[in-house]
Amino acid sequence: MDRRPTLEARPPALIDRVVRLLVPVPCREHVVGDLWERYRSPTPFVVDALRTIPYVIASQVRRTSTFGGVVIQTFILTVTFVVGGGLRRAVPPVAAGLAALVLRDAYKRRVSVSAKQVAADVSVGLAAAIICESVLAFVWPALLLPWRSMIAWRSMIAFPLGFVMLFVLRLQNPGLGAHPRRFVSDAPLALDALTTEVRSFEGTRRRAMRIEAVTGLTLAVLLVVPLLFSTNWFIRIGWALMSAYGLYVAAVVTSRIAKPMPDGLDFDATTVFYRRELERHASSLETMWRWYFLPGTPGMVFIMIGGAVAAAERGRPMWPALTVMIASVVLVATVGHTGTRNTARKLRLRIDTLTRGRNDGPAEP
Amino acid sequence: MSNAESIGQFEHVVLAAVLALDDAAYGVTIHAKVEQLITPKTVSLGAVYATLDRLEDKGLVRSWLSNPTPERGGRSKRHYRLEPAGERALRDATIAAKRICDDLERIWGGDVWTAGRRWKPVRQH
Numbered sequence: 003m004d005r006r007p008t009l010e011a012r013p014p015a016l017i018d019r020v021v022r023l024l025v026p027v028p029c030r031e032h033v034v035g036d037l038w039e040r041y042r043s044p045t046p047f048v049v050d051a052l053r054t055i056p057y058v059i060a061s062q063v064r065r066t067s068t069f070g071g072v073v074i075q076t077f078i079l080t081v082t083f084v085v086g087g088g089l090r091r092a093v094p095p096v097a098a099g100l101a102a103l104v105l106r107d108a109y110k111r112r113v114s115v116s117a118k119q120v121a122a123d124v125s126v127g128l129a130a131a132i133i134c135e136s137v138l139a140f141v142w143p144a145l146l147l148p149w150r151s152m153i154a155w156r157s158m159i160a161f162p163l164g165f166v167m168l169f170v171l172r173l174q175n176p177g178l179g180a181h182p183r184r185f186v187s188d189a190p191l192a193l194d195a196l197t198t199e200v201r202s203f204e205g206t207r208r209r210a211m212r213i214e215a216v217t218g219l220t221l222a223v224l225l226v227v228p229l230l231f232s233t234n235w236f237i238r239i240g241w242a243l244m245s246a247y248g249l250y251v252a253a254v255v256t257s258r259i260a261k262p263m264p265d266g267l268d269f270d271a272t273t274v275f276y277r278r279e280l281e282r283h284a285s286s287l288e289t290m291w292r293w294y295f296l297p298g299t300p301g302m303v304f305i306m307i308g309g310a311v312a313a314a315e316r317g318r319p320m321w322p323a324l325t326v327m328i329a330s331v332v333l334v335a336t337v338g339h340t341g342t343r344n345t346a347r348k349l350r351l352r353i354d355t356l357t358r359g360r361n362d363g364p365a366e367p
Numbered sequence: 004m005s006n007a008e009s010i011g012q013f014e015h016v017v018l019a020a021v022l023a024l025d026d027a028a029y030g031v032t033i034h035a036k037v038e039q040l041i042t043p044k045t046v047s048l049g050a051v052y053a054t055l056d057r058l059e060d061k062g063l064v065r066s067w068l069s070n071p072t073p074e075r076g077g078r079s080k081r082h083y084r085l086e087p088a089g090e091r092a093l094r095d096a097t098i099a100a101k102r103i104c105d106d107l108e109r110i111w112g113g114d115v116w117t118a119g120r121r122w123k124p125v126r127q128h
C-alpha cells in the first residue's frame, strides 16, 4: 500500500500548530514529520497525534529527569510550602511546581547551563505554583495556602530560600544527572568539538565545586546560631559537629578543584587529558559516600539523640520525631548515593566511548 | 555466556523491525513493520518511539536525521540502525524465544504454529 499522501493532503494549519506545540522540541522534527506522512484527514490525524504525543512526552521526561533529581526537588518544594500552610495544603503548589520543572526540562532543546537559563527554569516552577494557587482560590478554596501564614516571617524566609536552593541545586548540577544520550555515546570527531566539550566540562565542574564550597562555609557560619540556642548538650555537640562538617566540605571540595587544561594540545593529548579528568570525577563520585556523606553522620546522630532526649524531657514520645529524622537521613543518603552512582556509571560509559576513539557509522547532518 | 543487554518482548520486536528494514528504518516504517510482526495486535506510533528512545539509551540502536522531504512538510526523518550490541541482544533474545517455541512444540505438538487456535493446556501430572 502506498502510504505517501499527495502534496495537497496536509493537516489544517491550526491543528498542525497545536500538535507542533505539544511535541517536545528535541523530537519535534521527526515526530511531526511522521504524523504528517501518515496524514489522511483531520480526525484520524488528531487521534493519531493524541495516541502518540503522551508516549513521546513520557519518553522525553524519562530522558531528561532523574529519580534523585525529582526526589530532591520534591523535598525542597515540600519544605518550602509546608511552612506556609501544612502538608495537605502544600500538595497542590508542590505538584504544580514540580510538574512545571520536569516538563520544562523535557521541552527544552538543551540542558540549562548558564545562571540566566537556570533562573528561567526555576521561575517557570514558581509561576506554576502561583497559577495553581490562583486557580484553587476559585475552585477549591479549602486547599489554598492561608494568607495569614503566607505573610508570616517564617514563610517570608522559606519561600525565597526554597527557590534560591532550587536555583543553586540546578546551577550546580545541570540536568540533575540526566546526561543527554549523545554526551554518553558519541565521541567528538574534531579537535574544536572536543576542546569545547572539555572546557564546558571544566567550567561546569569548577562552578559546582565553588558553589559547594561556599555552601559549606555558609552552613558552618549559620549553624553557630542553633549551637548557641540549643536546649541540651547532645544537640549542641551535634550542631558543633555539623558546623565543623561545613568547614570540612569547603576545604575538601576546594582541594579537589582541578587545574584547567593547557592550551595548544593536539587531539590525542586532549582526549587523554579529558579521559583522565572524567576518570577522576567518576571515581570521586563513586567514593562520595565515604569522603562526603560519612563525615556528616556523627553530627546528625548527636542531633537526633538530642532531639529524642529533649522530647522525653518534655514528656512527649520520642519515637515520632526520631523516626522522621532517621527516615529523612536515610532518604537523603539513598537518593544521594543512587544519583551519584548513576552519574558515575554514565561517566564510565563516556570514558569507554572516548577510549574506543572516533565513532564510525553515519554522522548526523 | 553472552553479556548482551537483556531486552523485553516489545523491544525484541522493534529491534527485529529495525534490522529487517535496514536503510529504510524510520518511525513510520518501523511502526508498520512492528504491526505486521505482532498481528493481530495493534500498537501506537508513540509506543514505538518510546521503545526506540529506550533502545538508543541502552546503546542498542543509533539514530540520525535525514534530509527534509516535502511530503513531510519539509521535515526530516529520524533513521535508526542496529549497533553491534543491539544485534547481540536481538540474537540472544531470539535464541531464547526459539527455545521456548521448541519446548511448546514438544508439549503442544505441531499445532503450535496454527494462528488463531484455541489452546487447551496440557496438564502435567
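Chains U and Y are the protein sequences, given in the same order.
Take 3 as the starting number for the first sequence in the working numbering and just add one per residue.
Take 4 as the starting number for the second sequence in the working numbering and just add one per residue.
The beta carbon of each residue, even a glycine, is placed where N, CA and C say it ideally should be.
Cβ-Cβ distance between residue i and residue j below 7 Å
i, j, result
"residue 298 of chain U", "residue 178 of chain U", "no"
"residue 233 of chain U", "residue 312 of chain U", "yes"
"residue 115 of chain U", "residue 176 of chain U", "yes"
"residue 99 of chain U", "residue 60 of chain U", "no"
"residue 109 of chain Y", "residue 32 of chain U", "no"
"residue 126 of chain U", "residue 102 of chain U", "yes"
"residue 241 of chain U", "residue 249 of chain U", "no"
"residue 85 of chain Y", "residue 64 of chain Y", "yes"
"residue 91 of chain U", "residue 145 of chain U", "yes"
"residue 331 of chain U", "residue 302 of chain U", "yes"
"residue 388 of chain U", "residue 169 of chain U", "The structure shown does not extend to residue 388 of chain U, since chain U is modelled only from 3 to 367, so the question has no answer here."
"residue 134 of chain U", "residue 94 of chain U", "yes"
"residue 213 of chain U", "residue 174 of chain U", "yes"
"residue 215 of chain U", "residue 154 of chain U", "no"
"residue 224 of chain U", "residue 244 of chain U", "no"
"residue 329 of chain U", "residue 295 of chain U", "no"
"residue 36 of chain Y", "residue 24 of chain Y", "yes"
Among the options, nearest to residue i - alpha-carbon criterion
i, options, result
"residue 67 of chain Y", "Y:107, Y:8 and Y:56", "Y:56"
"residue 30 of chain Y", "Y:53, Y:77 and Y:106", "Y:53"
"residue 255 of chain U", "U:217, U:276 and U:144", "U:217"
"residue 159 of chain U", "U:81, U:235 and U:173", "U:81"
"residue 358 of chain U", "U:263, U:289, U:145 and U:277", "U:277"
"residue 28 of chain U", "U:14, U:90 and U:113", "U:113"
"residue 78 of chain U", "U:133, U:90, U:96 and U:62", "U:96"
"residue 39 of chain U", "Y:86, Y:32 and Y:8", "Y:32"
"residue 342 of chain U", "U:319, U:328, U:329 and U:293", "U:293"
"residue 193 of chain U", "U:351, U:172, U:272 and U:133", "U:272"
"residue 60 of chain Y", "U:222, U:136 and U:188", "U:188"
"residue 74 of chain Y", "U:118, U:18 and U:11", "U:11"
"residue 354 of chain U", "U:227, U:280 and U:76", "U:280"
"residue 76 of chain U", "U:164, U:202, U:252 and U:340", "U:164"
"residue 83 of chain Y", "Y:111, Y:26, Y:35 and Y:99", "Y:26"
"residue 45 of chain U", "U:18, U:30 and U:136", "U:18"
"residue 200 of chain U", "U:315, U:264 and U:141", "U:264"
"residue 198 of chain U", "U:295, U:152, U:290 and U:266", "U:266"
"residue 222 of chain U", "U:211, U:239 and U:247", "U:247"
"residue 8 of chain Y", "Y:44, Y:69, Y:62 and Y:28", "Y:62"
"residue 76 of chain Y", "U:83, U:54, U:30 and U:84", "U:30"
"residue 282 of chain U", "U:137, U:318, U:203 and U:227", "U:203"
"residue 88 of chain U", "U:238, U:339, U:156 and U:62", "U:156"
Supposed close pair residue i, residue j - CB separation, criterion 8 Å
i, j, result
"residue 86 of chain U", "residue 147 of chain U", "5 Å"
"residue 309 of chain U", "residue 333 of chain U", "Contact flag wrong, Cβ pair sits at about 17 Å."
"residue 92 of chain Y", "residue 10 of chain Y", "5 Å"
"residue 48 of chain Y", "residue 123 of chain U", "The Cβ separation is near 30 Å, so there is no contact."
"residue 166 of chain U", "residue 337 of chain U", "Not quite, the Cβ-Cβ distance comes to about 20 Å (not below 8 Å), so this is no contact."
"residue 231 of chain U", "residue 304 of chain U", "Between residue 304 of chain U and residue 231 of chain U the Cβ distance is about 16 Å, and since that is not below 8 Å, they are no contact."
"residue 41 of chain U", "residue 13 of chain U", "6 Å"
"residue 269 of chain U", "residue 196 of chain U", "7 Å"
"residue 78 of chain Y", "residue 34 of chain U", "6 Å"
"residue 58 of chain Y", "residue 14 of chain Y", "6 Å"
"residue 314 of chain U", "residue 320 of chain U", "5 Å"
Any chain A beta carbon closer than 7 Å to residue i
i, result
"residue 52 of chain Y", "Structure shown: chain A not included; protein chains present are U and Y."
Check whether the segment 13-27 of chain U touches the segment 5-25 of chain Y, counting contact only when three or more Cβ pairs, one atom from each stretch, lie closer than 8 Å.
no
State whether the segment 53-71 of chain U contacts the segment 108-128 of chain U, with contact taken as three or more CB pairs (one from each stretch) at a distance under 8 Å.
yes
At least 3 beta-carbon pairs within less than 8 Å: the segment 207-226 of chain U vs the segment 258-271 of chain U
yes
Taking a cut of 7 Å between CB atoms, which residues from the segment 59-76 of chain U lie near chain Y?
60, 61 and 65
Mind listing which residues of the segment 28-58 of chain Y have their C-beta closer than 7 Å to chain U's C-betas, in chain order?
30, 31, 47, 48, 49, 50, 52, 53 and 56
The segment 261-294 of chain U: which residues have C-beta closer than 9 Å to a C-beta of chain Y, in chain order?
none
Residues of the segment 60-73 of chain Y whose Cβ lies closer than 9 Å to any Cβ of chain U, in chain order
60, 62, 65, 66, 67, 68, 69, 70, 71, 72 and 73
Using a Cβ-Cβ cut-off of less than 8 Å, give me the residues of the segment 46-60 of chain U that come near chain Y, in sequence order.
50, 53, 54, 55, 56, 57, 58 and 60
Cβ contact check for the segment 280-290 of chain U and the segment 342-352 of chain U: 3 or more pairs under 8 Å:
yes
What residues from the segment 78-110 of chain Y come within 9 Å of chain U, judged by C-beta to C-beta, listed N to C?
78, 79, 80, 81, 82, 84 and 86
For the segment 33-44 of chain U, which residues have a CB atom closer than 7 Å to at least one CB atom of chain Y, in sequence order?
33, 34, 35, 36, 38, 39 and 40
Interface residues of the segment 12-34 of chain U facing chain Y [CB-CB below 9 Å]
12, 13, 18, 29, 30, 31, 32, 33 and 34
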